[in-house]
Every structure is written in C-alpha cells, then in structure tokens.
Amino acid sequence: MSRDAIVFMARILRKQPDLPRYVVIDPQHLPGRNAAFAANVFLNGAGPFARNIRPWGKGSDVFFFNLTGPQCRKAGIGTGDRCEVTVVPAG
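Right, dumping it as structure tokens:
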C-alpha cells in the first residue's frame, strides 16, 4: 500500500434506491485538498476501485465518491454498513 494512503472508517450512504451509493470523506482526511482527484479506493481491503474523489460543494467542505452495485457486492457491503475505506491518490 502506498505511503500516501488515507485510511478511515465510513458509512455507505444512499439517498434513494435509484441513485448510486456513496461515501463522504471528512476534510480532515484530505488536508490541503480543494479540488477533485483520481484515486484507487479499497473497501474493507477489497479493490482497487478507480474512483474520482470530488468536493461536495454547496457550501460544504467534505468530499465524496460514488460506488457502483458491483463494487459494493465485491466488497461485501451494502447501504448503511460501516467499513474501512482506503484512498490511494493516483499518480
């Protein structure tokens, strides 16, 4: 794992059934970041999943990334589950 890896616990969220699941990242885990960036994400060690980490916007300082159904199934997680998230910035 890269020394630049960011590891934290998070809940898998979903606003409604026809929308993707997502993870919110507290800005304390991404010091100095203020723009979107590409990363490889691991969920409970499963992955890597290529994701774009994006600022939430709308006056909030948090970031987020979406998850597909196949990614959630591979990681064995569902909406509302807590898991260990590892974000490895690309490049």
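Residue numbers for the sequence shown follow the working numbering, so the first one is 456 and each next one is one higher. C-beta: ideal position from N, C-alpha, C; glycine also. Predicted model only: the values in this text are computed from it and were never measured.
C-alpha distance - Cys527 paired with Asn489, whole-angstrom precision: By one-based count along the sequence shown, residue 527 stands at place 72. By one-based count along the sequence shown, residue 489 stands at place 34. So the alpha carbons of these two residues sit roughly 27 Å apart.
Going by DSSP in three states, Pro482 sits in which element: helix, strand or coil? To locate residue 482, count along the sequence shown from 1; it is residue 27. Residue state, collapsed to three classes: helix.
Could you tell me the boundaries of the beta strand (DSSP E) in which Arg488 lies? Taking the first residue of the sequence shown as 1, we reach residue 488 at position 33. Taken as a continuous stretch (DSSP letters only), Arg488 belongs to no beta strand (DSSP E), as it is neither H nor E.
Anyone know if the C-beta pair for Val462 and Val496 falls short of 8 Å? For this step, residue 462 is matched to residue 7 along the sequence shown. For this step, residue 496 is matched to residue 41 along the sequence shown. Against a cut-off of 8 Å, the Cβ pair of Val496 and Val462 comes out as no contact.
So, does the stretch 500-510 touch the stretch 464-477, judging by three or more C-beta pairs under 8 Å? no
If we call anything under 8 Å between Cβ atoms a contact, is Phe520 one with Pro510? Here residue 520 refers to the residue found at position 65 of the sequence shown. Here residue 510 refers to the residue found at position 55 of the sequence shown. Against a cut-off of 8 Å, the Cβ pair of Pro510 and Phe520 comes out as no contact.
Terminal residues of the beta strand (DSSP E) in which Ala501 lies: For this step, residue 501 is matched to residue 46 along the sequence shown. Looking at the DSSP string, the run of the beta strand (DSSP E) that includes Ala501 is 501-512.
Which residues bound the alpha helix (DSSP H) around Pro525? Within the sequence shown, the letter at position 70 stands for residue 525. Here the alpha helix (DSSP H) through Pro525 covers 524-530.
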